[in-house]
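Using the numbering used here, the letters of the sequence shown correspond one by one to residues 18 to 435.
By construction, the Cβ of each residue, glycine as well, lies at the ideal position given by its N, Cα and C atoms.
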Amino acid sequence: MSTPSDLYPRVHAHVQEMMEKIAAPAQGAIRHPYLTITTSNYYKGLLFCWDNYFSALRFAADGVSCHLRNFLDNMHEYQRSDGFIPNAILADGGPGYFEPDFLCQPFLAQAAAQLLEVSGDLEAAAKDFGWIRRFVDYWLKSRTAPFGLCRWDGPAYYSGIDNEILASILHPSSIIAPDVNAYLYAELRALAFIAERINEDSAAEELRQRADELRESINRHLWSDEIGAFGAYNTSRGSVHISFGSKNQRKGFGAFAYLSSSALPVLYTGAATQEHGETMCRQYVIAPEHFRSPFGIRSLSRSSEYCNYAVLGNPGRFDEYSRQCNSNWQGPVWIPLGWMAFHGLLKYGMRDEAASLSLDIMKSICNCLDIMGSLPENVDGDSGKPLYASHYASWNLMGDLMERYIHSGLGHAPQIQF
Numbered sequence: 018m019s020t021p022s023d024l025y026p027r028v029h030a031h032v033q034e035m036m037e038k039i040a041a042p043a044q045g046a047i048r049h050p051y052l053t054i055t056t057s058n059y060y061k062g063l064l065f066c067w068d069n070y071f072s073a074l075r076f077a078a079d080g081v082s083c084h085l086r087n088f089l090d091n092m093h094e095y096q097r098s099d100g101f102i103p104n105a106i107l108a109d110g111g112p113g114y115f116e117p118d119f120l121c122q123p124f125l126a127q128a129a130a131q132l133l134e135v136s137g138d139l140e141a142a143a144k145d146f147g148w149i150r151r152f153v154d155y156w157l158k159s160r161t162a163p164f165g166l167c168r169w170d171g172p173a174y175y176s177g178i179d180n181e182i183l184a185s186i187l188h189p190s191s192i193i194a195p196d197v198n199a200y201l202y203a204e205l206r207a208l209a210f211i212a213e214r215i216n217e218d219s220a221a222e223e224l225r226q227r228a229d230e231l232r233e234s235i236n237r238h239l240w241s242d243e244i245g246a247f248g249a250y251n252t253s254r255g256s257v258h259i260s261f262g263s264k265n266q267r268k269g270f271g272a273f274a275y276l277s278s279s280a281l282p283v284l285y286t287g288a289a290t291q292e293h294g295e296t297m298c299r300q301y302v303i304a305p306e307h308f309r310s311p312f313g314i315r316s317l318s319r320s321s322e323y324c325n326y327a328v329l330g331n332p333g334r335f336d337e338y339s340r341q342c343n344s345n346w347q348g349p350v351w352i353p354l355g356w357m358a359f360h361g362l363l364k365y366g367m368r369d370e371a372a373s374l375s376l377d378i379m380k381s382i383c384n385c386l387d388i389m390g391s392l393p394e395n396v397d398g399d400s401g402k403p404l405y406a407s408h409y410a411s412w413n414l415m416g417d418l419m420e421r422y423i424h425s426g427l428g429h430a431p432q433i434q435f
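Here you go:
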């Protein structure tokens with residue numbers, strides 16, 4: 018039986034090798050150094066928000082803060098006066114690579130807070146505070162939904178979960194997803210953290226209050242008492258939409274059709290109450306019939322009728338006509354989901370289960386290295402077979418970090434408690 022001490026050296030060595038290969042100089046419209054998504058030429062010259070954030074976070078865990086700085090500077094280059102920032106920058110095509118309205122995913126305040134924690138640079142944090150607050154305010158004002166919540170307000174891939182099941186079937190404007198609200202909760206908490214450190218006490222108090230209000234609304238309106246899980250709120254139906262319907266659910270059909278990994282960020286950010294977090298972790302995150310795979314965390318409950326391990330996923334019904342396929346998030350195991358679930362398990366008192374998850378993710382990484390010599394985007398949740406892409410870095414860099422949390426701690430924690 019493999020142990021962490023058997024696996025960690027190999028996983029860590031591969032992560033370090035990837036980190037050495039992905040640091041790239043400024044290029045065209047990407048005006049500051051950046052981190053490439055792969056260690057090959059694929060995706061070179063392209064900066065995506067959440068890929069770059071998680072990659073920079075891994076460097077910060079080793080005390081290297083420059084990549085968080087560069088990430089923020091690249092995004093700030095294209096901020097409009099109203100606060101809007103595009104989600105992607107193409108070196109040869111400029112900002113808004115996919116479409117002009119693709120709003121940057123809400124990770125910038127978290128990046129700035131992590132940067133402050135690692136660098137200690139209060140002067141830079143004070144300069145960042147204003148423009149990032151305008152960005153978060155733009156999110157809260159322009160993407161409003163009922164109950165004081167927000168929505169992605171675009172195709173499923175706006176979230177990064179390219180073919181998230183419910184947003185791929187229903188019109189995205191009718192969906193209030195848990196992930197975006199969890200990220201915004203973390204953004205508000207991160208801004209409050211920065212404000213407190215730069216002696217903006219009244220701003221810190223206001224931001225914490227807004228975060229608390231958002232957290233209360235997440236737990237009130239995006240939690241299903243019937244299922245015992247977080248899910249997307251369907252405004253057409255007037256309820257959290259996880260099952261086909263209560264009548265079918267009693268027959269055992271469709272009970273977990275839409276139990277999606279978009280709920281995991283609520284655990285990752287600590288937005289869930291203690292009771293809700295413990296319930297969801299126990300009933301779904303660690304349950305093999307739902308999210309827990311022998312290879313990590315599935316992107317959709319295994320008990321969903323939609324669960325599949327296709328290499329590529331079909332586009333959503335309301336996606337751009339030119340987007341003929343997506344990365345598949347309707348079942349395959351992804352390392353960033355493992356990273357989020359891992360932190361959720363730690364936050365809600367399941368340390369042993371978090372350690373077991375870390376071990377299985379390292380086993381999966383070694384399995385991929387044995388098969389293909391590099392890491393894919395995702396793997397089959399039942400067999401562990403590598404699925405799409407090769408030489409994939411991005412959030413796969415987090416693969417060796419969980420073990421350090423469990424056994425040795427971190428000098429620079431990339432998931433600070435804001």
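*Measure from the alpha carbon of L166 to the alpha carbon of each residue in G330, D196, N91, L231, then state which is nearest.*
L231
*Is it true that the CB of M36 sits closer than 8 angstroms to the CB of R86?*
no
*Beta-carbon proximity list for H429, same chain, < 8 angstroms, skipping 5 on both sides*: Low per-residue confidence applies at H429: pLDDT is 43, beneath 50, and the placement is therefore not dependable enough to give any value.
*Tell me, please, whether the region 406-414 touches the region 19-39 by the rule of three or more beta-carbon pairs shorter than 8 angstroms.*
yes
*Could you work out which residue in E116, A372, A141 is closest to T20 when comparing CA atoms only?*
A372
*Nearest-angstrom Cα separation, counted from D99 out to I423*: 42 angstroms
_Local Cβ density within 10 Å of H307, reported as buried at 16 or more and exposed below that_ = buried
*asked:* If you reduce the DSSP assignment to three classes, tell me which class V135 lands in.
replied: helix
*Could you tell me whether any non-hydrogen atom of the ligand GTP is closer than 7 angstroms to the CB of G248?*
Absence of the ligand GTP is noted for the structure shown, with no ligands found whatsoever.
*asked:* Within 10 Å of its beta-carbon, does P431 have 16 or more other beta-carbons around it, so buried, or fewer, so exposed?
replied: Any reading at P431 must be qualified, since the residue scores a pLDDT of 49, below 50, and its modelled position is unreliable; the value itself is stated next. Result: buried.
*Taking all protein chains shown into account, do 16 or more other C-beta atoms lie within 10 angstroms of the C-beta of E222, making it buried, or fewer, making it exposed?*
exposed
*Sorted by chain position, which residues of the same chain lie with C-beta nearer than 6 angstroms to I303's C-beta, five sequence neighbours on each side aside?*
R309, E370
_Alpha-carbon to alpha-carbon, C385 and I391_ = Rather than Ile, the amino acid found at residue 391 in this sequence is Ser. Their Cα atoms are separated by approximately 7 angstroms.
*Considering only residues of the same chain and omitting the five flanking positions on each side of I235, which have a CB-CB separation below 6 angstroms?*
N198, A288
_Extent of the continuous alpha helix (DSSP H) run through F65_ = Not the alpha helix (DSSP H): F65 falls in the beta strand (DSSP E), residues 63-65.
*asked:* Once the 5 residues before and after C342 are set aside, which same chain residues still bring their CB inside 6 angstroms of it?
replied: L329
*What's the gap between the Cα of L239 and the Cα of L281?*
12 angstroms
*Which value, in whole angstroms, describes the spacing of the CA atoms of R319 and T55?*
29 angstroms
*Return the chain-ordered list of same chain residues with a C-beta closer than 7 angstroms to the C-beta of I192, the five sequence neighbours on each side being excluded.*
R168, L183, A184, A249, N251
*Whole angstroms is fine: what's the gap from R27's alpha carbon to Q131's?*
27 angstroms
_Unbroken beta strand (DSSP E) run spanning I378, endpoints_ = Run containing I378: none in the beta strand (DSSP E); it sits in the alpha helix (DSSP H), 368-389.
*R309 bridges to which residues according to DSSP?*
I314
*Return helix, strand or coil for N343, following the three-state DSSP convention.*
strand
*asked:* I need the straight-line Cα distance from I314 to Y60, nearest angstrom please.
replied: 25 angstroms
*Chain-order list of residues whose beta-carbon lies under 7 angstroms from that of H188 (same chain, five-residue window excluded)*: F335
_With DSSP as the reference, identify every bridge partner of A246, one or two as the case may be._
S241
*Short check: CB of Q44 to CB of A141, under 8 angstroms?*
no
_As a quick exercise: from Y25, P123, R368, D387, pick the residue whose alpha carbon is nearest that of L205._
P123
*Give a yes or no on whether the C-beta atoms belonging to G333 and N104 are separated by under 8 angstroms.*
no
*Check each candidate in G366, I352, P393, D387 and name the one with the smallest Cα separation from L376.*
I352
*Rounded to whole angstroms, how far is the Cβ of D68 from the Cβ of W412, which I believe are closer than 8 angstroms?*
7 angstroms
_Taking the alpha carbon of S190 as the reference point, which residue from Y175, Y202, D23 has its own alpha carbon closest?_
Y175
*asked:* I need the DSSP call for S256, collapsed to helix, strand or coil.
replied: strand
*In whole angstroms, what is the alpha-carbon distance linking L427 and R421?*
In this prediction, L427 scores a pLDDT of 49, lower than 50, which makes its location untrustworthy; no coordinate-derived value is stated.
_Given a cut-off of 8 angstroms on the beta-carbon distance, is the pair W346 and S381 in contact?_
no
*asked:* Taking its Cβ as the centre, do 16 or more other Cβ atoms sit within 10 Å of D229, making it buried, or is it exposed?
replied: exposed
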